[in-house]
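First up is the structure itself, then whatever we jot down about it.
Number of protein chains: 2
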Amino acid sequence: VEPIELFDLDAENLMIPSDKVAHVQVGNPLEHALLVLVKSGYSAVPVLDNSFKFKGIIGKTLILNRILGLERFEMEKLSEVKVSEVMNAEIPCLNKRDNFLTCLKTVINYPFVCVIDEEGFFEGILTRRPILKQLNKYLHV
Amino acid sequence: VEPIELFDLDAENLMIPSDKVAHVQVGNPLEHALLVLVKSGYSAVPVLDNSFKFKGIIGKTLILNRILGLERFEMEKLSEVKVSEVMNAEIPCLNKRDNFLTCLKTVINYPFVCVIDEEGFFEGILTRRPILKQLNKYLHV
Ligand SMILES: Nc1ncnc2c1ncn2[C@@H]1O[C@@H]2COP(=O)(O)O[C@H]3[C@@H](O)[C@H](n4cnc5c(N)ncnc54)O[C@@H]3COP(=O)(O)O[C@H]2[C@H]1O
Ligand SMILES: Nc1ncnc2c1ncn2[C@@H]1O[C@@H]2COP(=O)(O)O[C@H]3[C@@H](O)[C@H](n4cnc5c(N)ncnc54)O[C@@H]3COP(=O)(O)O[C@H]2[C@H]1O
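Line by line, the protein sequences give chains A and B. For what it's worth, my numbering labels the leading residue of the first sequence as 1, then goes sequentially. For what it's worth, my numbering labels the leading residue of the second sequence as 142, then goes sequentially.
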């Protein structure tokens, strides 16, 4: 792998495309989101609206924090509360054309970020793993 | 940062030392582990025995998977089942003297790994974040 090839990579080359990404809808109850998370095995996934636009991220931590009462986990809240009330909407996003260094900088603080187009439509996710793999390859030549 | 400095770093320079790592004991019930995970905010943490030796890793995914029944999350199982019955003991470990490239290779597939000494005593954890930070620094000179 020539050094120049690393810096030529962009978010689109590195991302998991939207059709392979587990996600939930902004209007789902937490119960549905928690089942998606437990069955997919992921700690957090993107939240989209019904026109496939990016709205935020939801994870087990946020859900469990929300239902933890003074004495127990209040499981009944899972069907009462919506994903929109709990999700993290303050997460940075990338564009398909963002270069490798921009992707690297962004995943320093986030296990994954969403890749969206100019109108906010969800295109995929950029995770730490392919960044680490490419860097490992780059350092071994 | 001179290139040579990156390759001189070892696991000890990069790791979070044991006194700063949230962990649980191998004999704890899942209920205690889940509370530690929710309050610390971490998706998974190390499992130690009472002599501070590394035994495995426990996370929200493993716990929630274990208590998910056919119709509901069976919360009563949280006080009946022990961490030892659910934890993942098949996780690779590092030694303090392992070099940067060994650390990088290991975190490709794991968000963190434990650093242990020759007798298996827990010394700290090696996470993806400092690896990504160092690589970002290295690529910017
Ligand atoms: N089914 C599986 N098979 C093999 N390895 C697995 C795995 N599930 C998790 N891992 C490993 O564990 C890391 C952390 O996963 P986590 O679910 O906490 O955190 C994940 C998850 O929140 C999200 N993610 C990854 N792939 C996803 C997908 N297809 N759909 C939705 N979210 C995804 O991106 C985060 C970072 O992923 P990354 O690959 O860098 O890092 C992953 C990967 O190295
Ligand atoms: N309180 C906090 N403040 C700021 N950022 C936070 C944070 N909690 C999580 N993050 C961010 O989210 C990433 C994933 O955290 P997670 O808990 O899934 O996965 C964590 C967790 O399972 C474990 N971990 C990290 N620090 C720990 C600690 N002090 N004690 C126990 N486990 C720890 O290592 C994994 C990878 O950590 P890494 O730092 O590479 O990556 C962290 C970090 O970038």
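Backbone N, C-alpha and C define an ideal beta-carbon position, used for all residues, glycine too.
Which residues in the same chain have their Cβ closer than 6 Å to the Cβ of residue i, if we skip the five residues on either side of it in sequence?
{"i": "A:N88", "result": "G56, I57"}
{"i": "B:L245", "result": "I272"}
Among the candidates the options, whose CA atom is the shortest distance from the CA of residue i?
{"i": "B:N191", "options": "B:F262, B:L267, B:Y183, B:K274", "result": "B:F262"}
{"i": "B:T202", "options": "A:R128, A:S84, A:S40", "result": "A:S40"}
{"i": "A:L126", "options": "A:F7, A:M15, A:L6", "result": "A:M15"}
{"i": "A:V47", "options": "A:I63, A:L64, A:N28, A:V24", "result": "A:V24"}
{"i": "A:K20", "options": "A:V81, A:Q134, A:L135, A:C114", "result": "A:C114"}
Nearer than 7 Å: is that true of the beta carbon of residue i relative to any heavy atom of ligand 2?
{"i": "A:Y138", "result": "no"}
{"i": "B:Y183", "result": "yes"}
Please determine whether the Cβ atom of residue i lies at a distance below 7 Å from any heavy atom of ligand 1.
{"i": "A:V45", "result": "yes"}
{"i": "A:R97", "result": "no"}
{"i": "B:G197", "result": "no"}
{"i": "B:N250", "result": "yes"}
{"i": "A:R128", "result": "yes"}
{"i": "A:V21", "result": "yes"}
{"i": "B:I204", "result": "no"}
{"i": "B:I266", "result": "no"}
Counting only the same chain and skipping the five closest in sequence on each side, list residues whose C-beta sits under 7 Å from that of residue i.
{"i": "B:D149", "result": "none"}
{"i": "A:F54", "result": "P46, L48, C93, C114, I116, G120, F122"}
Spatial neighbours of residue i within its chain, please: C-beta separation below 8 Å, excluding the five flanking residues on both sides.
{"i": "B:D258", "result": "N236, K237, E264"}
{"i": "A:P92", "result": "T106, Y110, V113"}
Continuous alpha helix (DSSP H) assignments of at least 4 residues falling wholly in the stretch 40–123 of chain A: Fully enclosed alpha helix (DSSP H) runs of 4 or longer: 60–67, 77–80, 100–107.
Positions along the stretch 71–90 of chain A whose CB lies within less than 9 Å of some CB in chain B: For the stretch 71–90 of chain A, the residues whose beta carbon sits under 9 Å from a beta carbon of chain B are, in order, R72, F73, M75, L78.
Against chain B: residues of the stretch 1–24 of chain A by CB proximity under 9 Å: Per Cβ criterion, the list reads L6, F7.
Selection of the stretch 89–111 of chain A by Cβ proximity to chain B, strictly under 9 Å: Going along the stretch 89–111 of chain A in chain order, one finds F100, L101, L104, K105, V107, I108, N109, P111 with a Cβ nearer than 9 Å to chain B.
Residues of the stretch 166–180 of chain B whose Cβ lies closer than 7 Å to any Cβ of chain A, in chain order: Cβ contacts with chain A come from V179.
Residues, ordered as in the chain, of the stretch 200–212 of chain B that lie near chain A by beta-carbon distance below 8 Å: Taking 8 Å as the Cβ-Cβ cut-off against chain A, the residues of the stretch 200–212 of chain B that qualify are G200, K201, T202, L205, N206, L209.
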